[in-house]
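S.K.:
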């Protein structure tokens with residue numbers, strides 16, 4: 697027992713419908729849609745290429761590798777732990793158990809300078 701039908705065993709109506717070429721109107725519409733997709737893709741790529749790259753503005757304060765060494769930085773952190781410069785020294789918070797620190801520390805609050 698065959699569960700599927702071979703192309704030749706289908707009814708004559710289906711065989712003639714499958715082999716009929718699309719009419720000119722359908723081909724013209726398909727061609728317009730295809731060219732519209734190509735044009736939209738090209739315009740999107742062109743806009744992306746022509747947009748200006750973000751301008752990097754230099755920091756108003758010199759960049760220091762470690763904010764704890766910068767006397768004007770009163771508070772710094774790495775996204776998990778925050779440190780503050782106090783009169784009696786540096787005090788830092790404890791990080792959360794699931795915290796993932798950033799690669800670099802950044803100054804969060806400056807004083808003076």
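In this note's numbering, the protein residues as written are 697 to 809. Glycine included, every Cβ here is placed at the ideal spot set by N, Cα and C.
Look up residue 786 in the DSSP assignment and say whether it is helix, strand or coil.
M.R.: strand
S.K.: Would you report the Cα separation of residue 719 and residue 731, rounded to the nearest angstrom?
M.R.: Distance between the alpha carbons of residue 719 and residue 731: 19 angstroms.
S.K.: Pick helix, strand or coil for residue 807, following the three-state DSSP scheme.
M.R.: Assigned with DSSP and collapsed to three states, residue 807 falls in coil, not helix or strand.
S.K.: Throw me the rounded Cβ distance for the residue 807 and residue 747 pair, which I believe falls under 8 angstroms.
M.R.: Here residue 807 is actually not in contact with residue 747; their C-beta atoms are around 39 angstroms apart, not less than 8 angstroms.
S.K.: Quick check on this structure: which residue in 773, 781, 783 has the alpha carbon closest to the alpha carbon of residue 795?
M.R.: 773
S.K.: Only counting the same chain, and skipping five residues up and downstream in sequence, which positions put a Cβ closer than 6 angstroms to that of residue 780?
M.R.: 771, 787
S.K.: Give every residue of the same chain whose Cβ lies closer than 7 angstroms to the Cβ of residue 798, excluding the five residues on either side of it in the sequence, and list them in chain order.
M.R.: 774, 775
S.K.: Alpha carbon to alpha carbon, how far is residue 778 from residue 750?
M.R.: 29 angstroms
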